[in-house]
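J.: In this note's numbering, the protein residues as written are 33 to 136.
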Amino acid sequence: MSKETIDAIQKSLLVIRNQLDKEDAETKLAALQLLMGTSQSVVAMAKKLTKPKVVTKKQKIAIPQRKIVKQPPIKQPPNSISNDKERRSTQPIRPQPPLSNQRN
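This is how it looks when you write it as structure tokens:
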């Protein structure tokens with residue numbers, strides 16, 4: 033093989049390598065873009081997951097109920113006057129004597 037053919041082969045191999053590097057760079061760029069898109073979605077999901085959840089809880093509170101305690105009726109002796117009538121004495125009312133002058 034002559035030197036010229038070897039140089040031609042080397043030039044064509046160099047062109048092929050350059051094309052492969054160019055394609056490889058484009059492939060790497062596409063992969064980086066995919067990674068960026070994926071990482072953005074992962075970051076968005078992580079933010080969504082770490083956001084505190086607001087949950088309203090319903091607590092049951094015991095409300096005390098009042099007990100109604102009935103007093104037993106007071107038993108009165110049979111001779112006493114019932115409470116419905118007013119109690120009055122049969123004696124006439126006498127006026128009290130006026131107070132004496134206390135300046136002496």
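Beta carbons: idealized from backbone N, C-alpha and C, even for Gly.
(1) For residue 101, does the three-state DSSP call read helix, strand or coil?
(2) Using the Cα positions of residue 99 and residue 93, report the straight-line distance between them to the nearest angstrom.
(3) Taking the alpha-carbon positions, what's the residue 40 to residue 50 distance?
(4) In the structure shown, what three-state DSSP assignment does residue 86 receive?
(5) Return helix, strand or coil for residue 133, following the three-state DSSP convention.
T.: According to the data block:
(1) As a working note, residue 101 is residue 69 in the sequence shown. In this structure, residue 101 counts as coil in the three-state DSSP scheme.
(2) What you label residue 99 is simply residue 67 of the sequence shown in a count that begins at 1. What you label residue 93 is simply residue 61 of the sequence shown in a count that begins at 1. Going by the C-alpha atoms only, they are around 19 Å apart.
(3) Within the sequence shown, residue 40 is the residue found at index 8, counting from 1. Within the sequence shown, residue 50 is the residue found at index 18, counting from 1. Near 15 Å, if we compare the C-alpha coordinates of residue 50 and residue 40.
(4) Numbered from 1 along the sequence shown, position 54 holds the residue referred to as residue 86. Looking at residue 86 - three-state DSSP - the assignment turns out to be coil, as it is neither helix nor strand.
(5) Reading the sequence shown from its first residue, position 101 is the one you call residue 133. In this structure, residue 133 counts as coil in the three-state DSSP scheme.
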